[in-house]
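Notes follow the structure.
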Amino acid sequence: MRRWIEFNVNHPGITFSILLIFTILAAIGFNRLYFDSSTEALMPKESITYKLGQRAKEIFIDSRTFMLTAIEPAKGYKLFSEDTFSALNALVSEIEELKNFDKELEDKRLAAIMKAGNISVVSNKPDKKEPAKTEEKKDDLESELDRELLGEGGNTNSLKNKAPVKTYNIWDVSHPVSDKFYAKAIRKRNKYSFEKYDPVELGTLIKILDAGAWKQLKTVLRYNKMGPFQKNHILTKDEYKDILDTWETVYLYKSMEIVKSFVNPISGEDIAGTEMELKPVSFIPKDEKGIRHVPKSEEEFQMYKERLLRNPSFKNALYSIDDRGHIRALAMSIVLRPLEDHFEIFNYLYEIIEKYNKAPLVLTQAGMPVFQKFIKEYMKKDLLRFMPLVVLVVIFTFFLNFRSFRGVILPTISVLLGTFWTLGFMGLFNIPITLVVNMLPPLLIAVGSSYAIHIYNQYILDRELIQREGKRSGLIQSMSRISITVMLAALTTFVGFMTLTINQVTSLRDFGFFAAAGTFIAMLISSALIPSSLMLMKLIPFDKKRVKQSNYAVNIILNFFNRLTVKHSKFVVITSLILIIIFSFGITKIKVETSPLYQFKKDSYLYQSDIRISELFNGTVLMNLIIDSGAQNGAKDPGFLQLIEEIRKWILSDGNRNKYLFLHTLSFGDVIKRMNKAMNNENPEFSTIPDERSTITDYLELYSGEDRNSDGRVDTFEQFIDPQYRYVNVLIRVGSLKNKLFSTSINAEGQKRIIDYLEKHPAAKKYKYYFVGETVNFTILSDLIVRGQILSVLLTLLIVLLVIFLLFKNLHAGLISIIPISTSIILVYGIMGYLNIPLDIPKALLAAIAIGIGVDDTIHMLKTIRLNILKGYSIEESINLSYREAGMAIVYTSIALILGFSVLMLSEFVPVFYLGWLVASTMIATTIAALVLLPSVILLLKIPVDRECNSVILNFINFNKFFQLDNRSNGG
Amino acid sequence: MKNSIFTSVILTGLLLTPEAWALTGRQIMEKNDRLKKPRTSIQESVLLIIKGYAKTKKTFKGISKKYGKKTRKRIIFSYPTRMQFLVWDEPGRDSIQWVKLSSGKVRKIASSEKNKPWVNSHFYNEDISERNIDDYKYKLIGEATINGTACYKVESRKKRGVKVYSKGIIYVGKKDFVIRRIELYERGRHTKTLTLYKIEKISGIYTPRKGVMERTDGKGKSILYIKSVRYNVPVSDHQLKRESF
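Chains as they are written, first to last, in my numbering: chain A, 142 to 1113; chain B, 12 to 256.
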C-alpha cells in the first residue's frame, strides 16, 4: 500500500491521466445503462420454475402481459348510454387495429404522412424473400395419401384410421425456448430522410388522414408528450421526426398483430341457442360497411345486457354486478403476443387507454404491465431524486468535518468518480438497473465518502508532521498510515457485499458484485486522487484551536461514550444481552413479501386501482395451474374435464376465496360448457361438461374460430390448451379484497393448499400438474431471499471473523469483532418483526450493507485499542486514547452513512423507504456498539486482543506484514 | 379496286393475329363459368389439415344437387366425428344450415361468417361456397405457367357483399379455362394460395382430385382430396331435406 501512495504522490500527473482514461471508458458504459422492472430480471435463469414459466409463455399465453381495464361512467353519466358507448367504441376500434393488421390501409396512411412532409425512405436492405412454398415440400402423410388416393408413385400402403402425429414433450426444458415464438414484424424498420422536410400544418395532416389515423395521431402526440397543438400549428422537423418514428414503430407492432387477445364488451362475440337454432351473436353487430352502431335506446341497451348476461363465464370477466344485481362496470382485457420486451408497446397501449380516460368514461388500468410501467417510472424518479440529495448530504458532512473548500471538493470528486465508474462498468457489462440495483448509486456515494473522510482526516491530523518532514515525505507517511486502515475497511465491506453473490436472485447477485467492486473502486480512487491533489496544492497551516472548536459537539458525544464504557461496562454488557434476547423473538415474526402491491404507498394509483379492480373483477394477477391429462387429446375426455371443473369449484369455494384470495378461474371447460348450454336452448342446467366424448369433439369441430398462427388451436383456446390437447391451463386470478391485501405469503399458502388437495383427491392424484406464472415467481423469489439472506449473513460473519483473526493472529479479536455487528443486526431485524415490516428484495440487502459497512467502525476501534495496548498502555487507558484517535473519524463516517442512507426514505417505493430507515438505524446501532459495547466487553472480560498466536500457518499467511499493522508508528 | 383488295388483305391479316382476339379478364372468367357443371354429385373426400406439429385427417361424404340456381348439399363426416351438415344455398341470400351431432341432436345454425375457417381447416366458409361471377370485377394482368400449364393471370376483386379477401389472383388455363391456382389476399397481404392438382375429366366435368390451401408463411396447409366422385347420378330429394336428419 505504501508503494501505491508513493506512486500517486510522486506522479500526480500520471495518476490524473489514468483517472481520466477510466472516466471516459465509464462514460461509454454509462450511456448504455437501462432500466428493467420485470420479475424476469430478478429470477435465476437456471431455475426450473423459470424455465417452465418460459415454456408456458410459448405454449399458452404470456400471463405477465395480461392487463385489465375497468370501465365505469364518469360523474353525471350513465354506464349504458350512447355517449359512453360511443367513446368506448372509439377506444376499442383503436386497439383492434393492433390486433387485425390491414396492410393496405396502413401503407396508405404511412404514405400520406410521408408525402405531406416530403419525407422519403432511405434505401433499406431488401427483406428476405418469402420461403418458397412448393409442392415438392410434402408432408409424409400427404405423400401417403397421394399414393393411396391419387395413385402417385411408390408402394401403396393401407390407410390408417388415425393420422400419426409427431409427438414431442412440450415441457422438455432441456431444449431452450427459442426466440422463434416471439412475434415478428412483416419487414425491417424503415429509415427516413428528413433532408427535404416541408413544414406541415397539423390541420393539413388531419385532412389527409382517415378518422382512425387521426385517432392514432392523437395518441402518437400524447405518447411523445407533444401538444396540445392548435390545428394551425406548424410541425417542426424534430416534431415530425418523432411523429414518424413512433408511427413507424406502431406500424411494425400492428404488422405483428401484437394484441393476441382482446376481450371487450363492444367487439366481443358469443353464441346463442334457441330450440331451433344456434348462431353466433356479436355484442354490437357491424353493418355491411363494417361500421358498428352502438345502442341508443333503452330497448337496445336491454337487448345488449341480455347478450352479456347469457354467458355465465362473462361475469367478473366482462361485467361486474353490484349487490342489487345491476351491472355497475364493464371490463376489457388484453393479452399481448410474446416479445422479449413489451415495455414499449405496453406504454403505447397505456396511452391509448388513458386518452379516453375522461368524461364520459372512467378507465382504471391494472395488471403486471401497469405495475412494471410505474415501477420503472418511479425508479427513474428515485434515482433523480436520490443522487443530488445524497451528494448534498455528503458535501454537508464533509463541510461539517473539515470546514474548508478542499475538504469538501476533494472527497466529493473522489466519491462521485467512484460511483460513476461503477455505473459505467455496469453499462459495459449490460447489467440492467432493477429496483434493487437502483439503490447502488446512493449506497456507493455514502460508502465512498467514509474512505474519503478517513484519508482527508488523516491529512488534517498529520499537518504538523507534513510541515516538519516536507510535503512529499510527510504526505507519503501520513497517507500510507491511513490507507492501510481504509484498505482493511474496504476489504471487509467488499467481502460483505460479495456474499450477496451467492444469492440466486439475479438482481441481488448483480447488486452484490457491483457494490463490492464499487467499494473497492471508491477506496482506490480516494487513496489516489486525494494524495495526488494534495501534493499539487499548498499546505494549509496547522491550527489546533480550530480543530478543537469544529469538533466540539462530537467530542461531547465521545466523552459520554467513554465514561459509559469505562465506568459502567457491566451495565452495558448486560443491557445488550437483554436487548438481544428480546429482539431475537422479534425475528421469528418476520414475513417475506415480494408481491408488487406492497411496494407502493396506499394512496398511490397502483395500490388504489388494484384494490378497485379486484373488488369489481376478481383480481388482476394470473397464476397458471397446468394439469397433464397424460395423453394426446386427453383434454377432450369428459371425465378429465369434469374433474377440472370440480377442482375449479373447490378453488373458488368461500373458504379458499377469503383465505387465499383465489377470486376467479378460467379454463377450457368454459367454452365446452357454453356450447353445451347453447345447444340445449340456453338451459342453465346444461352449463356443464357433456358426458360423451363424441359431443365434445363435435363442439370443437363446430366452433370455427380463427387460428392465426396455424398451430392447431383456435386462437381463443390458446391460453387454455396446448396444441396436442393434452395439457389444460387453469388460469387462477388472484387479487385483493377490501379487508385483505394480496400478498406473497398468502399466495404461497394457497399454492400449498391446492397441492395438498390435488395429492389427496382420489381422481386428481394420478395426474401431473405444474404451477407457473408471476405469482409463482413471487413465491420462488421470496424463498430465495430467505435462504440467501441466512447464508449471506452467516458467511459474512464468518469471513469477518476469519479476516480479523488472520490480521491480528488473535482468535479473541476475531470473535469479539462480530459482536457489535451481530447485535445491531439482531436489533434491527427484531424491530422489523415487531413492527410487521416484511422482508422483501430491497431489504434483503440490509444485512450485507450493515455488516459490510458497519464492521469498519469495529475494525477501526479494535485496531486502535490493540495498538495502544501494544504500546504499553492498560486496557482502560487504551480505550480512552482510542476515543480520541479513532472516535472522531468513526462518528463522522457514521453521520455520512446515516444521512446518506436516510435519503432513501424519500423513495416512491415503500420497501426502499423502510430500507433507508433500517440501514440508518443499523448504522446508529453499529456505531454505538463499536464505540460502547465492544470496548465494554474487552474491558469487562479483559480480552487479550494484543496477544498473537504463533503458528506456522499464521506466520505464513502474514496479513500483519501486508497491512503493516506491526508498525507501531502507524497510528489509526 | 386495288385499294379495297389491299384493305381486305390488311384487315384479314389483322383479324388473324392473336392480339385481335385478346380476352379480357371478365371474358376469361365467363369461359371458366361456362365449363360443364354437374347437376348432382356424390363424392368421398379426405381432408388433411396440417398445422404446426398437428396433423388431422377428416373423412366425409358429400352429396349435392342443383335445383335451378339453388343448391342443396349434405356433408356426412365419418372421421373424427360423425357430424352431418345440411346446407341450402341460393344466390344473393345467406345459406341455411343444419347440423346433426354425433349424438343425434339436430340444430339449425346461422350461416357461418364467410371469413371463418371451415371445420378448423385453412379453407374459409367463403372458399367452399358458391361464387357468383357477377359479384366480382376482373382484370387480366398477365400470364404464367403453373405446374407446366400455361395460364392467364386474372385479378379479381369483390364488388359487392362481404369482402373476405381484398383480392384474388386467379390462374386460368389458357387452353381449357380451368382454374389452376388462386392467390388470396387479405387486407392487402397475400396470405394463402389454393393450388389444384390432378385435374381429371370425369363425365365431361373437370375435377381437381387434389386441392391444397396453403399459408404463404409456411405455417400450415389443408389438403382436400376427392377420393371418388360420381356426377349426375340419381340423388333423392329426401336426403337433402331437414326431415332426413
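The beta carbon of each residue, even a glycine, is placed where N, CA and C say it ideally should be. None of the values given here were measured: they were computed from a predicted structure.
Proximal chain A residues relative to P102/B, where beta-carbon distance stays under 8 Å: Looking up residue 102/B in the second sequence gives position 91. Ordered by position in chain A, no residue passes the 8 Å Cβ test against P102/B, which lies about 17 Å from the chain.
Could you name the residues of the same chain whose beta carbon sits closer than 6 Å to that of L471/A, not counting the 5 residues immediately before and after it, in chain order? One-based indexing of the first sequence puts residue 471/A at position 330. Cβ within range, chain order: I212, P406 and Y460.
Alpha carbon to alpha carbon, what distance is there between S808/A and K906/A? Working through the first sequence from its first residue, we reach residue 906/A at position 765. Working through the first sequence from its first residue, we reach residue 808/A at position 667. Computed Cα separation, rounded: 19 Å.
Which bits of chain A does T92/B rub up against, with CB to CB less than 8 Å? Here residue 92/B refers to the residue found at position 81 of the second sequence. S835, T838, D839 and E842, listed in chain order.
Chain A contacts made by the stretch 68–82 of chain B, where a contact means CB separation under 7 Å: Residues passing the 7 Å Cβ filter: K68.
My guess is that I873/A and M1029/A are in contact by the Cβ rule of under 8 Å, so how many angstroms apart are they, rounded? As a position in the first sequence, residue 873/A is number 732, starting the count at 1. As a position in the first sequence, residue 1029/A is number 888, starting the count at 1. Approximately 59 Å separates the beta-carbon atoms of I873/A and M1029/A; this is outside 8 Å, ruling out the contact.
Proximal chain A residues relative to S114/B, where beta-carbon distance stays under 7 Å: Numbered from 1 along the second sequence, position 103 holds the residue referred to as residue 114/B. Correct list: E833, S835 and T836.
Please classify E276/A as buried or exposed, where buried requires at least 16 neighbouring CB atoms within 10 angstroms. Working through the first sequence from its first residue, we reach residue 276/A at position 135. With a pLDDT of 46 at E276/A, under the threshold of 50, the predicted position of this residue should be treated as unreliable, though the coordinate-derived value follows. Flag for E276/A reads exposed.
For G258/A, would you say it is in contact with chain B, using Cβ-to-Cβ distances shorter than 8 Å as the test? The residue labelled residue 258/A in the question sits at position 117 within the first sequence. So, not an interface residue.
Cutoff 6 Å; reference S396/A; Cβ partners in own chain excluding five residues on either side: By 1-based counting over the first sequence, the position of residue 396/A is 255. Exclusion of the five residues before and after S396/A leaves F242, A326 and I327 as the residues of its chain whose Cβ lies within less than 6 Å of its Cβ.
Cβ atoms of G955/A and L936/A: under 8 Å apart, would you say? In the first sequence, counting from the first residue as 1, residue 936/A sits at position 795. In the first sequence, counting from the first residue as 1, residue 955/A sits at position 814. Taking C-beta atoms as the reference points, L936/A and G955/A fail to come closer than 8 Å.
Within chain A, partners of L59/B - CB distance below 7 Å: What you label residue 59/B is simply residue 48 of the second sequence in a count that begins at 1. Per Cβ cutoff of 7 Å: L282, E283 and L286.
Spatial distance of I146/A from N598/A (CA atoms): Walking along the first sequence from the start, residue 146/A turns up at place 5. Walking along the first sequence from the start, residue 598/A turns up at place 457. Going from the Cα of I146/A to the Cα of N598/A covers about 16 Å.
Please classify S56/B: does DSSP put it in a helix, a strand, or coil? Counting from one through the second sequence, the residue named residue 56/B turns up at place 45. Three-state DSSP puts S56/B in a strand.
Would you give the residue range spanned by the beta strand (DSSP E) that T206/B belongs to? As a working mapping, residue 206/B is identified with position 195 in the second sequence. Here the beta strand (DSSP E) through T206/B covers R200 to I213.
Under a three-way DSSP split, which group does K356/A fall into? Counting from 1 along the first sequence, the entry for residue 356/A is found at position 215. Residue state for K356/A is assigned as helix, using DSSP reduced to three classes.
Taking the alpha carbon of R205/A as the point to measure from, which residue in A631/A, F512/A and L987/A has its own alpha carbon closest? Counting from one through the first sequence, the residue named residue 205/A turns up at place 64. Cα-wise, what sits closest to R205/A is F512/A.
Taking DSSP's pairing of strands, which residues face P219/B in a bridge? Translated into positions along the second sequence, residue 219/B becomes position 208. DSSP lists I210/B as partners of P219/B.
Which bits of chain A does Y147/B rub up against, with CB to CB less than 7 Å? Position 136 of the second sequence, counted from the start, is the residue given in the question as residue 147/B. In chain order: nothing, as chain A lies at least about 17 Å away.
Contained alpha helix (DSSP H) runs [length at least 4] in the stretch 981–1006 of chain A, N- to C-terminal order: List check, alpha helix (DSSP H) in window: nothing returned.
V435/A versus T647/A - alpha carbon distance: Position 294 of the first sequence, counted from the start, is the residue given in the question as residue 435/A. Position 506 of the first sequence, counted from the start, is the residue given in the question as residue 647/A. About 50 Å.
Which one of V913/A, A1037/A, L1072/A and F1050/A has the shortest CA to CA distance from K192/A? Along the first sequence, read from residue 1 onward, the residue named residue 192/A stands at position 51. Looking from the CA of K192/A, the closest CA among V913/A, A1037/A, L1072/A and F1050/A belongs to V913/A.
Given that K244/A touches chain B, what residues does it touch there, using C-beta distances under 8 Å? Indexing the first sequence from 1 puts residue 244/A at position 103. Here the neighbours are R198, G199 and R200.
At least 3 beta-carbon pairs within less than 8 Å: the stretch 671–678 of chain A vs the stretch 614–627 of chain A: In the pairwise beta carbon analysis, the stretch 671–678 of chain A is classified as touching the stretch 614–627 of chain A: at least three pairs are separated by under 8 Å.
Name the chain A residues that come within less than 7 Å of G231/B, Cβ to Cβ? As a working note, residue 231/B is residue 220 in the second sequence. Listed along chain A are S851, each with a C-beta nearer than 7 Å to that of G231/B.
Over what stretch of residues does the beta strand (DSSP E) that includes M208/A continue unbroken? Locating residue 208/A in the first sequence gives position 67, where the first residue counts as 1. Unbroken beta strand (DSSP E) run through M208/A: M208 to P214.
Under 8 Å between C-beta atoms, does G63/B make it to chain A? Locating residue 63/B in the second sequence gives position 52, where the first residue counts as 1. G63/B counts as touching chain A.
If distances are taken between C-alpha atoms only, which option among S877/A, F171/A, W791/A and E389/A comes closest to I486/A? As a position in the first sequence, residue 486/A is number 345, starting the count at 1. Selection S877/A, F171/A, W791/A and E389/A evaluated against I486/A yields E389/A as nearest (Cα-Cα).
Opposite V869/A in the DSSP bridges: which residues? If you number the first sequence from 1, residue 869/A lands on position 728. V869/A pairs with I768/A and I862/A.
Output the distance between the C-alpha atoms of R241/B and I895/A, rounded to the nearest integer angstrom. Locating residue 241/B in the second sequence gives position 230, counting from the first residue. Locating residue 895/A in the first sequence gives position 754, counting from the first residue. Distance from the CA atom of R241/B to the CA atom of I895/A, rounded to whole angstroms, is 59 Å.
Just tell me which of T885/A, E380/A and I697/A has its CA closest to the CA of V361/A. As a position in the first sequence, residue 361/A is number 220, starting the count at 1. Nearest of T885/A, E380/A and I697/A to V361/A, Cα basis: E380/A.
Does L290/A get closer than 8 Å to chain B when you measure Cβ to Cβ? Taking the first residue of the first sequence as 1, we reach residue 290/A at position 149. True, the Cβ-Cβ gap to chain B drops below 8 Å.
Going along the chain, which residues of its own chain have a beta-carbon closer than 6 Å to the beta-carbon of K818/A, five neighbours each way excluded? Start at 1 with the first residue of the first sequence, and residue 818/A comes out as number 677. Here the set comprises F827 and S828.
Pick from K879/A, N977/A, P1076/A and Y908/A that is closest to I960/A, judged by C-alpha positions: Position 819 of the first sequence holds residue 960/A. Restricting attention to K879/A, N977/A, P1076/A and Y908/A, the CA atom closest to the CA of I960/A is found in P1076/A.
Enumerate in chain order the residues of its own chain whose CB-to-CB distance from R815/A is below 7 Å, with the five nearest sequence positions on each side excluded. Locating residue 815/A in the first sequence gives position 674, where the first residue counts as 1. Excluding residues within five positions, the ones whose Cβ falls inside 7 Å are I412, N452 and S454.
When DSSP labels each residue in this structure, what does F741/A get in the three-state scheme? Taking the first residue of the first sequence as 1, we reach residue 741/A at position 600. Of the three classes helix, strand and coil, the one that applies to F741/A here is strand, per DSSP.
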